[in-house]
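Just so you know, the protein sequences line up as chains X and P, in that order.
Counted from 1, the first sequence has number 1309 at position 68 by the numbering used here; the numbering is strictly sequential.
Counted from 1, the second sequence has number 343 at position 67 by the numbering used here; the numbering is strictly sequential.
For glycine and all other residues, C-beta sits at the position ideal for the given N, C-alpha and C.
Keep in mind that this is a model prediction, so the values were computed, not measured.
Inspection log for the structure reproduced underneath, given as structure tokens.
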Amino acid sequence: MTQPNSGDLLLRMLQLTRDAELDCETFLEHIAAYMDGTVESEELLGLMNHHRDLCAECAEEFAILERALSED
Amino acid sequence: MRTDGSTWLAALHAPEGSETERALSDMRDFVRATLTKGFGTQLTDADLEDLSQETMLKIAAKHETFRRDSRFSTWVAAVAVNGALAELRRRRHVHVELEAATELGAAGLVPPEAPDRVQRARSAQLLREAIDTALTTRQREALLAELGGLPLAEVARRLQSDRGAVYKLLHDGRKRLRAYLQAHGMDASDLLPSPGGHSP
Ligand SMILES: [Zn+2]
């Protein structure tokens, strides 16, 4: 079995690490507005984008929501 | 014609009656359709039934917290997806012990065979040192479990904590690791393989 390379994963997370980050709860509190493109400020939108890049779990949750609500 | 999100929100405040019932029934259909489209075959009919019911109960209990900064239907879909994903993650990892996940995470720090193997080995060594010396025991445990593929909510459950607190623990840990690397004249970009996959 091949091991996932957790070293690279960690290094990528360290590259994205900032002093001020949103936690998952805050991301999920605003996920509906993020989906609709109605996030209340540019600053929050920047933090939401950053959290989505950093947190694979919230990114997965957003991708499922996007698929669930897509037209077709 | 089917009722929409604003009608559902009004119905949650309205007295019982056929209009209210129709709106809530439409909302339930929407929840089920959302879960079906979002998760496909990962959910059985019985799952869809249970998770739709749970979502309806959650919405009844917490619709007052709807921030009105999105469509209500999007908020409803987000509640449904959140509950279903949490349940799927719990099921997938129910038999995974914290220790097994941390061992997997630690094992993954070993560099793969690659043309730049020597440099990769050095980088893995420095990361291991940073993890061993710069983190608290709890941070180390949470980080290695996360790297071993255990979702944060599942790490939290095993540490008798919650996802928010574990995120903060890990965020603080990442800042410590970054500082440790900086103190050794490195940053994460220096240690990652070059985009082409080969070092000179
Ligand atoms: Zn997150």
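Under the 8 Å criterion on CB atoms, Thr350/P is classed as interfacial with respect to chain X. In terms of Cβ geometry, Ser465/P and Met1276/X do not form a close pair [threshold 8 Å].
With a cutoff of 7 Å, His339/P does not count as near ligand 1, since its C-beta is closer than that to no heavy atom of the ligand. In this structure, Phe1268/X has its beta carbon less than 7 Å from a heavy atom of ligand 1. Of the residues assessed, Gly1248/X falls on the buried side of the cut-off, its CB having 16 or more other CB atoms within 10 angstroms. When Glu292/P, Met303/P, Ser294/P and Arg278/P are compared, the shortest CA-CA separation from Leu285/P is found for Met303/P. Contact check for Leu374/P and Ala421/P: beta-carbon distance about 6 Å, within the 8 Å limit, so the pair qualifies.
Contact between Gly314/P and Cys1265/X is absent: CB atoms are separated by about 18 Å, not below the 8 Å threshold. Listed along chain X are Ser1247, Leu1250 and Leu1251, each with a C-beta nearer than 7 Å to that of Leu423/P. Excluding the 5 residues flanking it on each side, Arg454/P has same chain C-beta neighbours closer than 8 Å at Asp463 and Ala464, in chain order. In this structure, ligand 1 has no non-hydrogen atom nearer than 7 Å to the beta-carbon of His1271/X. Proximity of the beta carbon of His447/P to ligand 1 is not indicated: no heavy atom of the ligand is located closer than 7 Å. Distances from the CB of Glu363/P to the heavy atoms of ligand 1 are all 7 Å or more. If you ignore the 5 residues before and after Ser349/P, its C-beta comes within less than 8 Å of the C-beta of Asp280, Gly281, Trp284 and Phe306, all in its own chain and listed in chain order.
Identification of residues in the region 1276 to 1298 of chain X having a C-beta nearer than 7 Å to some C-beta of chain P yields Met1276, Asp1277, Thr1279, Glu1281 and Glu1298, given in sequence order. Taking 8 Å as the cut-off between beta carbons, the residues of the region 308 to 319 of chain P near chain X are Thr310, Leu311, Lys313, Gly314 and Phe315, in sequence order.
Remark: the C-beta of Glu1298/X is in contact range of ligand 1, defined as less than 7 Å to any heavy atom.
Under the 10 Å beta carbon count, Val370/P is surrounded by fewer than 16 other beta carbons and is classified as exposed. With respect to Ala309/P, Thr296/P sits apart: the two C-beta atoms are not nearer than 8 Å.
For Ala353/P, the nearest beta carbon of chain X is closer than 8 Å to its own beta carbon. Distance from the CA of Gln401/P to the CA of Ala336/P, rounded to the nearest whole angstrom, comes to 52 Å. Contact residues of the region 336 to 350 of chain P toward chain X are Thr341, Phe342, Arg343, Asp345, Ser346, Arg347, Phe348, Ser349 and Thr350 (C-beta to C-beta distance below 9 Å). Apart from sequence neighbours up to five positions away, the residues of its chain that approach Leu435/P with a beta-carbon distance below 8 Å are Leu374, Arg414, Glu417, Ala418 and Val442, ordered along the chain. At a cut-off of 8 Å between C-beta atoms, Glu1312/X does not count as an interface residue with respect to chain P. By the rule that beta-carbons nearer than 8 Å mark a contact, Ala1309/X touches chain P.
With a cutoff of 7 Å, His1292/X counts as near ligand 1, since its C-beta is closer than that to a heavy atom of the ligand.
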